[in-house]
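Chains as they are written, first to last, in my numbering: chain A, 1 to 455; chain B, 456 to 848; chain C, 849 to 1151. Read through the structure below, which is laid out as structure tokens, and then see the notes.
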Amino acid sequence: MMRGPRPRWLAALLALALVGAACSSRDDDDDGAQTETGGEAAGGASIDTENCASDPTQEIEGDVIRLASSYPQSGLTAAFSEIARGWEAYFEKVNAEGGVDIGDRTFTFEFVDMDDQYNPSETAQNVEEMVGQDGEGAFAAFSVVGTANNIAIRDFLGDLCVPDVFAATGSPAWGNPDYPWLIGSTLAPYTLEGQMFAQLLEDQMPDAKVAMLVQDDDFGRAYEEGFAQAIEGTDIEVVATERYPTGASEVSAQITSLAASGADAFFNGGTLLACPDALTKAAAANWQPITWVSGTCISKTLMGLAGAAANDVYSASNLKDPLNPDWDSDPAMQEYLDTIQQYRPDDFDPENAIVGYGYTQAAVFVEALEAAEAPTRLALMESLHNLDGISDVGLLLPGVSITTSEDDPYMGESLMLAQYEFTGEGQRNHFVPQGDLVDFEGQTQDLTPEDLITG
Amino acid sequence: MSMPSDGTGATVEPALGTLPETAAAPAAAPGERPPLRPPLPRPVLIARVVIGVALSVVALYAPFYFTPENNRIISQALYLSIAAMGLNLLTGFTGQVSIGHGAFFGVGAFTTAILMVDHGWTFEATIPVAAVLSGLVGMLVGFPALRVRGLQLALVTLALAVLFPRLASKYVEGAGGVALLRPRRSEFASLIDGLDDDQWAYFVCLVIAVVLFVLAWNLVRGRMGRAMVAVRDQEIAATTVGVNLAGTKVGTFALSAAYAGVAGSLSVMIDRIADATNPILYLQRSIEFLVAMVIGGAATILGPAVGAFLLVWLRRNTEDLIEGKEILAPAIFGAALIAIVYVLPEGVVGGVRRLLARLGRRSSGSAARPGPASASDVPDDSNNPGGSHDEGT
Amino acid sequence: MQLFVEQVINGIGNGLVYGSVALALVIIFRTTGILNFAQGEMALFSTYITWKLASESDGFGLPIVAAIGVSMAIAFVAGAVIERVLIRPVEQARSPLNVVIVTLGLFLGLNSVAQLIFGTDPQLMPSPFPEGNVELFSSGGDAVVVSKDTIGLIAVLVAECILLWLLLQRTNLGLKLRAVASNPDSARLQGIRAGTMLMLGWGMAAAIGALAGSLVASQRTGFDGSLMQIIIVYAFAAAALGGFDSLIGAVVAGLIVGIADALTVQYVDALEGIEVIVPLGLILVVLVILPNGLFGRRTVERV
Chain A
1 MMRGPRPRWL AALLALALVG AACSSRDDDD DGAQTETGGE AAGGASIDTE NCASDPTQEI
61 EGDVIRLASS YPQSGLTAAF SEIARGWEAY FEKVNAEGGV DIGDRTFTFE FVDMDDQYNP
121 SETAQNVEEM VGQDGEGAFA AFSVVGTANN IAIRDFLGDL CVPDVFAATG SPAWGNPDYP
181 WLIGSTLAPY TLEGQMFAQL LEDQMPDAKV AMLVQDDDFG RAYEEGFAQA IEGTDIEVVA
241 TERYPTGASE VSAQITSLAA SGADAFFNGG TLLACPDALT KAAAANWQPI TWVSGTCISK
301 TLMGLAGAAA NDVYSASNLK DPLNPDWDSD PAMQEYLDTI QQYRPDDFDP ENAIVGYGYT
361 QAAVFVEALE AAEAPTRLAL MESLHNLDGI SDVGLLLPGV SITTSEDDPY MGESLMLAQY
421 EFTGEGQRNH FVPQGDLVDF EGQTQDLTPE DLITG
Chain B
456 MSMPSDGTGA TVEPALGTLP ETAAAPAAAP GERPPLRPPL PRPVLIARVV IGVALSVVAL
516 YAPFYFTPEN NRIISQALYL SIAAMGLNLL TGFTGQVSIG HGAFFGVGAF TTAILMVDHG
576 WTFEATIPVA AVLSGLVGML VGFPALRVRG LQLALVTLAL AVLFPRLASK YVEGAGGVAL
636 LRPRRSEFAS LIDGLDDDQW AYFVCLVIAV VLFVLAWNLV RGRMGRAMVA VRDQEIAATT
696 VGVNLAGTKV GTFALSAAYA GVAGSLSVMI DRIADATNPI LYLQRSIEFL VAMVIGGAAT
756 ILGPAVGAFL LVWLRRNTED LIEGKEILAP AIFGAALIAI VYVLPEGVVG GVRRLLARLG
816 RRSSGSAARP GPASASDVPD DSNNPGGSHD EGT
Chain C
849 MQLFVEQVIN GIGNGLVYGS VALALVIIFR TTGILNFAQG EMALFSTYIT WKLASESDGF
909 GLPIVAAIGV SMAIAFVAGA VIERVLIRPV EQARSPLNVV IVTLGLFLGL NSVAQLIFGT
969 DPQLMPSPFP EGNVELFSSG GDAVVVSKDT IGLIAVLVAE CILLWLLLQR TNLGLKLRAV
1029 ASNPDSARLQ GIRAGTMLML GWGMAAAIGA LAGSLVASQR TGFDGSLMQI IIVYAFAAAA
1089 LGGFDSLIGA VVAGLIVGIA DALTVQYVDA LEGIEVIVPL GLILVVLVIL PNGLFGRRTV
1149 ERV
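This is the structure we're talking about:
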């Protein structure tokens, strides 16, 4: 659409020289742009709205909540796209049941997504495109996958005062008070995994010598530093650490080195294919330490690849595992399976835990929306920062209660220790919960080295 | 890359595009410098001028017409064309195949990002530093390139592109502990009132691209250009006529790396990110530059620019071609590349040139007319990226 | 000492992988003069075919050795077809860079189509070798174990090298292949069907790649679309290091690369996460000193 009448030959030239650009003219986008800076927030929240480039107290027009997400849909990390299946199905169910009520208005969900192939620069471009330079494109960014990917968009969204919610990694950085518009998900922060392992060792092997395998990036550092802090003042010591190149799918040399260190405990912080490879190589080297696997490794596929070598490894989670027969007749599990069957029946495997994770995030999000004082972005963030014991939604384990506060924006602070039981190829091998729920409510900040949060 | 002819005496055809057609130069009067090629027929000349002027107008008007998003895409194509031009100097003209220019691009990008984020420099001031640093790295690589040739050189440069992100991610620490740097949007604000930020960014890219293309054009037309082509086509013979092999090779490496570094620097303004988290990103970049160069037309001046725009356009339009099967996007893109190389083995510019030559032959009819001998007398609108005509006199 | 030996063995295990892919690269180069960037992805695609044939839960349940054989045959045909349909028309335009672009297009296409057809989940590839380890006694007294897989790989690779060498150096067919690679026009004048030879060369390389990929996948705890992406870089490095002329050179160079990598992991902490710099740096150094690679023959260029 052009701005006014134009002679045909100029049009032809433009068509000739231009790079397949979209047809919208510059002026079209100026209509309806909101450029007022936000005023004082209702209810005296601690979120500073003075410098917002768009108004976060503006109520949603119409009756649609539009969510934008960017995650890998092609390329080697395409498996992460299954998270979206979970929440898309949940939102569609909510829509079918009439929508979500905020105050006295009812809204339905609409979602757009783009593929970023796990590249932070693409995530940034995608989000800027979907949300728009004036924030008009979407109400919030939801479940963006990847730590670097969320870091890449937090300034943009923060300046616009557009929420980036349920960031899909366990990075402790989501608790950074400089970015109140960014909040994580029910995925426990990586440092808490270190805590769980430390507690386990104190129970079972108080003078353990620990070997650690971590990825050579911020993810690995969160494990390394978190665990180091967790064992301060105990008799546990880390005797060897190997950092493997990001994205590597085999770690035989690293495991040989760790096995030779004489450690009797092993923190397997590997992710994707490196995780099962570490387990099989450890087994092949006849090294049998008490082993912890990263929460990112708890999936039917990855554990399945390790097979018998995965037997007896520990990890933690706060979600019900669809593979665990104990939940077969659980109403919440039934509802989950039915919802996925009904709304996303394609060949996605609902037994895959990350679909359940996506599903649960949507459930918590809907709860937060319903508790919000008004259908505004500010109210949403305030609600998310004041969650008061949400429990029994989605696939949350019984007893897990999601609580947040201004000082403690971490949702996933209750964890259940679990141990993997391998009964045979093709069986429903799964993690078996051990003991009681461990509650770190409010403690994440204390248990995490500060540079991991504000770094 | 095919093996060198083993000296059966067959003429070696220059494999990568030709130097100015040296066919049938009209005889010169004694003392006069002979024209290097017959003057172009009038219609072709006119066509070139018209297209050149039209493109310039479009280039200047475009940012005011397009949305910021589209301006950004065009700016991406512009910096891509700078990098492709750099590669063209090395690979197209001098015959040294490099699949590692992504590393130089990365050096430029990170230089700019680090200076801005960690040391508070203004963006524009970082561009020359980025150029110099990447040029230096290019020079360092150029020295071993004297010994390592052909296929092996290509693979060594590939190793560079693979190594760079690993090194960067180890030693660069950005916010949140992840190895990426994102200068804030406000740092790239327009320095001219009345120009929006995205328009300013576009013009910075445009001006730098034009300057660098004109520089390359001049280089190629001169002694250096002939030396480069000589090195490409017949290295040993070249040394016997006094071409400084080492100087040419190392110098070209350095210069082409500097081009890539400038492109990287500009990319920080356009994409606002310098990213080391992806181990294959800079290899992908290297391949992009190569592809842009080849499909546009290697060893031509306009080629890299055309190729870059074509590449960007292709990428945008193959992304969601098939709904629900985003996974196929790279396959469609790959198929398109193969198709282009089939249909236009000399790239777009080469193909167009052949077409024009055929048109010219048809319309010129009789003998060459007297008149200004060199095609460089065609008025050059310096705002047009790459000039309105292609390589050489 | 024992640790050293163990890491060397790890290195050999990976090195054999790099060497076997490098072998395919060298074969294509020696028979057609082209560097095939798509080699890794062709191997990946064939690996998925092997998996599909052999998988009991998702595929046809063939015994793994049979699956590999069938996959190699399919790859042979596919490689020949690719050469005829995609590569030859472009090569005839006499521009080596265009061929590079075509192989790059192939690279993108094959990876993407493989993901579409076979899915993105990691899969397990059964091993054709018996399970278990073999013990070697080191001087320290503690046994050093080598897995039977590794020994099997060595055996396969040595056999491949010998067979290929015999083919290329001692048979008529091999002579024709080399003639066409060296000078297609002269070869044609001698009555050699250059086109057929080129197709054969690509077919062979594709089959070798299929074998390499399948064996590599069986050595790992699961494989997915990323299998070849890191390997191909090391394989290129190994091929360059070996000099593109020599088959055994490719394998030996692969071993060097693998061992250098493993030893760096063990002994050089400063390079953690970037161990790849050692083999790559090694290659640069070697090539500067010996520009034709460790085993390459000096090519004489005449003007």
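Beta carbons: idealized from backbone N, C-alpha and C, even for Gly.
- I340/A and L323/A have their alpha carbons spaced roughly 15 Å apart.
- Using a CB distance cut-off of 8 Å, A173/A counts as an interface residue toward chain B.
- Every beta strand (DSSP E) of 3 residues or more that sits fully in the stretch 163-242 of chain A is shown, in chain order, as 209-215.
- Checking the DSSP bridge columns, you'll see T376/A has no partner listed.
- Here R105/A carries a strand assignment [DSSP, helix/strand/coil].
- Interface criterion not met: the Cβ of I750/B is under 8 Å from no Cβ in chain A.
- In the displayed model, P518/B falls within a helix according to three-state DSSP.
- If you look at E421/A, you'll find it in the beta strand (DSSP E) that goes S414 to E421.
- From the beta-carbon of V1124/C, the residues of chain A found nearer than 8 Å are P245.
- Apart from sequence neighbours up to five positions away, the residues of its chain that approach R1026/C with a beta-carbon distance below 8 Å are R878, T879 and L1016, ordered along the chain.
- Those residues of the stretch 708-740 of chain B placed with their C-beta closer than 8 Å to a C-beta in chain A are D726, R727, I728, D730, T732, N733, P734 and L736, ordered along the chain.
- By the C-beta density criterion, V1133/C is exposed, having fewer than 16 other C-beta atoms within 10 angstroms.
- In the DSSP assignment, I290/A falls within the unbroken beta strand (DSSP E) covering I290 to V293.
- Close partners of L635/B in chain A (Cβ separation under 9 Å): P120, S121, A148, I151 and A152.
- At a cut-off of 8 Å, the C-beta of L452/A has a neighbouring C-beta in chain B.
- Counting only runs of at least 4 residues, the stretch 917-951 of chain C fully encloses the following alpha helix (DSSP H) elements, listed from N- to C-terminal order: 936-939.
- Within a 10 Å sphere around the beta-carbon of T577/B sit fewer than 16 other beta-carbons, which makes this residue exposed.
- For a Cβ distance threshold of 9 Å, residue set T256, S257 and A260 of chain A lies close to L851/C, ordered along the chain.
- The stretch 165-180 of chain A and the stretch 403-410 of chain A touch, with three or more beta-carbon pairs separated by less than 8 Å.
- Within the same chain, V64, I65, R66 and L67 come within 8 Å of E110/A by CB-CB distance, once the 5 residues on both sides are set aside.
- By the beta-carbon neighbour count (other beta carbons within 10 angstroms, threshold 16), H574/B is exposed.
- From the listed residues T376/A, Q361/A, T301/A and G269/A, the smallest Cα separation to A248/A is found for G269/A.
- Residues of the stretch 779-801 of chain B with a C-beta less than 9 Å from any C-beta of chain C: K780, I782, L783, A784, P785, A786, I787, F788, G789, A790, A791, L792, I793, A794, I795, V796, Y797, P800 and E801, listed in chain order.
- Nearest C-alpha to A253/A among Y1115/C, F1092/C, I1096/C and I935/C: Y1115/C.
- Of the candidates M849/C, F924/C and P937/C, the residue whose Cα lies closest to the Cα of V798/B is P937/C.
- Taking a contact as a CB-CB distance under 8 Å, the pair A265/A and V210/A counts as one, their CB atoms being some 4 Å apart.
- When the beta-carbon positions are compared, E1008/C and L1142/C stay at least 8 Å from each other.
- Around the beta-carbon of P911/C, fewer than 16 other beta-carbon atoms lie within 10 Å, marking it exposed.
- Where L608/B is concerned, the enclosing alpha helix (DSSP H) starts and stops at G605 to Y626.
- Residue state for M114/A is assigned as strand, using DSSP reduced to three classes.
- Taking every protein chain shown into account, the CB of N286/A has fewer than 16 other CB atoms within 10 angstroms, so this residue is exposed.
- Residue-level contact check: G455/A touches chain B, since one or more beta carbons of chain B fall below 8 Å from its beta carbon.
- For the stretch 894-916 of chain C, no residue has a beta-carbon sitting nearer than 9 Å to a beta-carbon of chain B.
- Using a CB distance below 9 Å, the part of the stretch 950-961 of chain C facing chain B consists of V950, L952, G953, L954, F955, L956, G957, L958, N959, S960 and V961, ordered along the chain.
- Within the stretch 39-105 of chain A, the runs of beta strand (DSSP E) that reach at least 3 residues and sit entirely inside it are, in chain order, 64-71 and 100-102.
- Under DSSP, I390/A forms a beta bridge with I402/A.
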